[in-house]
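For the record, the sequence lines run as chains A and B. Reading the first sequence from the start, the letters are residues 1 to 417 in the working numbering. Reading the second sequence from the start, the letters are residues 1001 to 1085 in the working numbering. Ideal placement from N, C-alpha and C gives every residue a C-beta, glycine not left out. First the structure, in the form of structure tokens, and then the observations on it.
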Amino acid sequence: MKYSALSLLRAGLGGHKDWPRAWRDPEPKPRYDVIIIGGGGHGLTTAFYLAAVHGVKNVAVLERGWIGGGNTGRNTTIVRSNYRLPELHALMELSLKRWEGMSDEINYNVMFSQRGALFLGHSDSDMLQLAQKGDAMRADGIDAELMTRDQVAKLIPLLDVSSTARYPVQGGLIQRRGGTARHDAVAWGYARAADRLGVDIIQNCEVTGMDITGGRITGVQTTRGAIGADRVGIAVAGNSGRVAAMAGLRLPIESHLLQAFVSEPVKPMIDTVIMTQSLHCYISQSDKGEIVLGGDPDAYPTYSQRGAPHIIEKAAAEALALVPALSRLRMLRSWAGTTDMSFDGSPFIDATPVEGLYFNGGWCYGGFKATPGSGWLFAHLLARGESHPVAAPFRLDRFETGRTMDEPGVGPMPQNR
Amino acid sequence: MMLIPCPHCGPRAHAEFTFDRPVEAITRPDETPEALVRNLFGRDNPRGPSRELWRHTYGCRSWITLTRDTATHAITDVRPVGADA
């Protein structure tokens, strides 16, 4: 069923009783052309683009739990492409362009809202770095505007821009095409769109082993039996190391933890995304009215999905100093996701030493914004067996060869991100 | 929140400590380039017990090693690092 204003009206008049299910719940077939391990945003977009762009429709997405139940449903929903390095410009801008057409492309409202993504500058050196980043972005055809303190104050009236502020604001860099999206809708929308093209989305199906013969993958073992495949793609950020270990691989990735939290819902008070060059604090307001806050990663390896309170305290202190009006709000809930921390902060989209086995991961805490671009590039790799030019720099062996992509320039340790 | 038993100071709040690296990633100057790459840029990244190098940065500033379960955060076998440790 195609979703439209008419279908909504018709279902509404019928009391919303007759909505068909959005995607099937199929039994696994004995064999597929391509198996994607991981039913998050990256795996589902990969499956969709395999079917929609490359005509590979005999595809299964295997998900251990329910789709979008990992980092897809745990992020702060920010979408932007304001990076410094040209390789990351190409990757994130390809993704942002897909965000701009996403709701139409998959006939599902992902509530993509280009409300602007603003980085605040708090010092001369912050402003210099923001100016440099903005110049680099514009040179690569991406929108960026340097703002004065007065312009920032006009954009966000609740921001403390006084000279006595704990974090004085000197100005900022805004990407007006940046914004937020409804994260669950991205998983559901792509699942539905891929399903309509014949992709099998198999939930509650955990991969427990890989069948490898003579250096070539022939299928996977799962909690629902063995499933054969010509090609297998791993898109399980957070658990990349564990799944890759089933194929005997050791990755340049540590699994860390990132927390986020939201307040009770309030009337609209912040209509842009606030980030800062010096602090690690993200502030935005969801469509439901909650203030969504994120902060520093917890900075040690863990699969617990449970963070430490002193990290929340730091992020909350920074947010309150920037927007004092937040001090009256009560926090509603906090949560954490397991992040795939690569050693230079950049992801991997690459073939592995096992023939037919491909890897997509290492997105650190920036994977959500890349969801459609990641799927687009991974589908290309899985369908053709060779990297798309935009994905080519994101190789697994780049530490060995010294071709790292260290956006902040802080050196190759995952906990320094 | 973890309570980390520092061998010098006793049980102290996690916020006083910083993680450095898994013990597998500690390198020595005489290692071959291949071993350096493997140890510096490859990780077992286990879900379960992991031997790690931490520092009591905001306490006695000593380096320590400990075994920590990465799923439950249970900490065992904490040892000091140093010449007379």
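Spatial neighbours of T45(A) in its chain, beta-carbon cut-off 6 Å, leaving aside the 5 residues before and after: Residue 45(A) sits at position 45 when you count from the first residue of the first sequence. Apart from sequence neighbours up to five positions away, the residues of its chain that approach T45(A) with a beta-carbon distance below 6 Å are Y190, T371, P372 and G375, ordered along the chain.
A136(A) CB to nearest heavy atom of the ligand ZN below 7 Å: Among the components modelled here there is no ligand, and therefore nothing to report on the ligand ZN.
Going by Cα to Cα distance, which pick from G101(A), A90(A), G219(A) and A181(A) is closest to M111(A)? Counted from its first residue, the first sequence places residue 111(A) at position 111. Ranking the options by Cα distance to M111(A), first place goes to A181(A).
Use the C-beta contact count for R192(A): other C-beta atoms within 10 angstroms, 16 or more gives buried, fewer gives exposed. By 1-based counting over the first sequence, the position of residue 192(A) is 192. Buried, because 16 or more other Cβ atoms sit within 10 Å of the Cβ of R192(A).
Please look up how many angstroms separate the CB atoms of P414(A) and H256(A), rounded, as I've assumed it's under 8 Å. On the first sequence, residue 414(A) is found 414 positions in, with the first residue counted as 1. On the first sequence, residue 256(A) is found 256 positions in, with the first residue counted as 1. Indeed they touch by this definition, with Cβ atoms about 7 Å apart.
At least 3 beta-carbon pairs within less than 8 Å: the segment 164-178 of chain A vs the segment 147-156 of chain A: Yes, they touch.
What residues in its chain sit with their C-beta under 7 Å from that of H54(A), if we drop five residues either side in the sequence? Looking up residue 54(A) in the first sequence gives position 54. If we look at H54(A) and ignore the five residues flanking it on each side, its Cβ neighbours are A379 and A383.
Quick test of the definition: if touching needs 3 or more C-beta pairs under 8 Å, does the segment 69-83 of chain A touch the segment 213-224 of chain A? Look at the beta carbons and you see the segment 69-83 of chain A not touching the segment 213-224 of chain A: under three pairs across the two are nearer than 8 Å.
Nearest to L381(A) by alpha carbon, out of V354(A), I349(A), Y365(A) and R403(A)? Position 381 of the first sequence, counting from 1, holds the residue named residue 381(A). Residue I349(A) is the option with its Cα nearest to L381(A).
Round the Cβ separation of I234(A) and G362(A) to the nearest angstrom and send it over; I've been treating them as touching at under 8 Å. As a first step, residue 234(A) must be located in the first sequence, where it is residue number 234. As a first step, residue 362(A) must be located in the first sequence, where it is residue number 362. No, I234(A) and G362(A) are not in contact; Cβ-Cβ is about 11 Å, not under 8 Å.
Sorted by chain position, which residues of the same chain lie with C-beta nearer than 6 Å to Y1058(B)'s C-beta, five sequence neighbours on each side aside? Sequence index remark: in the second sequence, residue 1058(B) carries index 58 (1-based). Beyond the five residues adjoining it in sequence on each side, Y1058(B) comes within less than 6 Å, by CB distance, of E1016 in the same chain, given in chain order.
Under a three-way DSSP split, which group does M137(A) fall into? On the first sequence, position 137 is the one that residue 137(A) refers to. If DSSP states are grouped into helix, strand and coil, M137(A) belongs with the helices.
Which full runs of the beta strand (DSSP E) of 3+ residues lie inside the segment 196-254 of chain A, going along the chain? Qualifying beta strand (DSSP E) stretches, in chain order: 200-202, 207-213, 216-222 and 225-234.
List the whole-angstrom C-beta distance separating N1045(B) from P301(A), where the pair is believed to meet the contact cut-off of C-beta under 8 Å. Locating residue 1045(B) in the second sequence gives position 45, where the first residue counts as 1. Locating residue 301(A) in the first sequence gives position 301, where the first residue counts as 1. About 7 Å separates the two Cβ atoms, so the contact holds.
Taking the alpha-carbon of M1002(B) as reference, which of P1080(B), D1069(B) and R1079(B) has the nearest alpha-carbon? On the second sequence, residue 1002(B) is found 2 positions in, with the first residue counted as 1. Of P1080(B), D1069(B) and R1079(B), the residue nearest in Cα terms is D1069(B).
Report the start-end ranges of each alpha helix (DSSP H) in the segment 28-71 of chain A that is 4 residues or longer and not cut off at the edges. Within the segment 28-71 of chain A, the complete alpha helix (DSSP H) runs of at least 4 residues are 41-52.
Since G418(A) contacts P265(A) with CB under 8 Å, what's their CB separation in whole angstroms? Residue 418(A) is absent from the model: chain A starts at 1 and stops at 417.
So what does Q129(A) bridge to, in DSSP terms? Within the first sequence, the letter at position 129 stands for residue 129(A). Beta-bridge pairing links Q129(A) to no other residue.
Straight-line Cα distance separating A391(A) from V91(A): In the first sequence, counting from the first residue as 1, residue 91(A) sits at position 91. In the first sequence, counting from the first residue as 1, residue 391(A) sits at position 391. Note on residue identity: the sequence assigns Leu, not Val, to residue 91(A). C-alpha separation (whole angstroms): 7 Å.
Give me the Cβ distance between G238(A) and G70(A), rounded to the nearest whole Å; I'm assuming they're in contact under 8 Å. For the purposes of this step, residue 238(A) is taken as the residue at position 238 of the first sequence. For the purposes of this step, residue 70(A) is taken as the residue at position 70 of the first sequence. Going by Cβ atoms, the distance from G238(A) to G70(A) rounds to 6 Å, so yes, they are a contact pair.
Can you tell me whether DSSP reads F119(A) as helix, strand or coil? Numbered from 1 along the first sequence, position 119 holds the residue referred to as residue 119(A). Strand, per DSSP.
Run through DSSP, which three-state label would T77(A) get? Taking the first sequence and counting its residues from 1, the one referred to as residue 77(A) is at position 77. T77(A): coil per DSSP, three-state reduction.
Verify the CB distance criterion: does A351(A) have a CB-CB separation below 8 Å to chain B? By 1-based counting over the first sequence, the position of residue 351(A) is 351. Not an interface residue.
Would DSSP call L446(A) helix, strand or coil? In the structure as shown, chain A starts at 1 and stops at 417, and residue 446(A) therefore has no counterpart that could be examined.
Please tell me whether H1014(B) has its Cβ less than 8 Å away from any Cβ of chain A. Here residue 1014(B) is taken as the residue at index 14 of the second sequence, counted from 1. Yes, its Cβ sits closer than 8 Å to a Cβ of chain A.
Taking just the CA atoms, how far does T1018(B) sit from P309(A)? Looking up residue 309(A) in the first sequence gives position 309. Looking up residue 1018(B) in the second sequence gives position 18. Taking the straight line from one Cα to the other gives about 15 Å.
Which of helix, strand or coil DSSP assigns to W1063(B): Here residue 1063(B) is taken as the residue at index 63 of the second sequence, counted from 1. Residue state, collapsed to three classes: strand.
G41(A) vs F343(A) beta-carbon contact at 8 Å: By 1-based counting over the first sequence, the position of residue 41(A) is 41. By 1-based counting over the first sequence, the position of residue 343(A) is 343. No. Outside cutoff.
Might you give, ordered along the chain, the residues of its own chain that have their beta carbon closer than 6 Å to the beta carbon of D296(A), omitting 5 neighbours on each side? On the first sequence, residue 296(A) is found 296 positions in, with the first residue counted as 1. These residues qualify, in order along the chain: H280 and I311.
Any C-beta of chain B sitting closer than 8 Å to the C-beta of H310(A)? Working through the first sequence from its first residue, we reach residue 310(A) at position 310. With 8 Å as the cut-off, H310(A) counts as an interface residue toward chain B.
Taking only three categories from DSSP, how would you classify P26(A)? In the first sequence, the residue the question calls residue 26(A) occupies position 26. Coil.
W66(A), buried or exposed, once every other Cβ within 10 Å from all chains shown has been counted against 16: Here residue 66(A) refers to the residue found at position 66 when the first sequence is read from its first residue. Looking at its Cβ environment, which holds fewer than 16 other Cβ atoms inside 10 Å, W66(A) is exposed.
Host beta strand (DSSP E) of L1040(B) (start-end): Locating residue 1040(B) in the second sequence gives position 40, where the first residue counts as 1. Premise fails: L1040(B) lies in the alpha helix (DSSP H), P1033 to F1041, not in any beta strand (DSSP E).
Cα-Cα separation, Y32(A) to L94(A): By one-based count along the first sequence, residue 32(A) stands at place 32. By one-based count along the first sequence, residue 94(A) stands at place 94. Their Cα atoms are separated by approximately 29 Å.
Thinking just about the alpha-carbon of each residue, which of G39(A), A117(A), L332(A) and V59(A) is nearest to the one in I274(A)? Position 274 of the first sequence, counting from 1, holds the residue named residue 274(A). Minimum Cα distance to I274(A) is reached at A117(A).
Where does S374(A) sit, in a helix, a strand or coil, going by DSSP? To locate residue 374(A), count along the first sequence from 1; it is residue 374. Here S374(A) sits in helix by DSSP.
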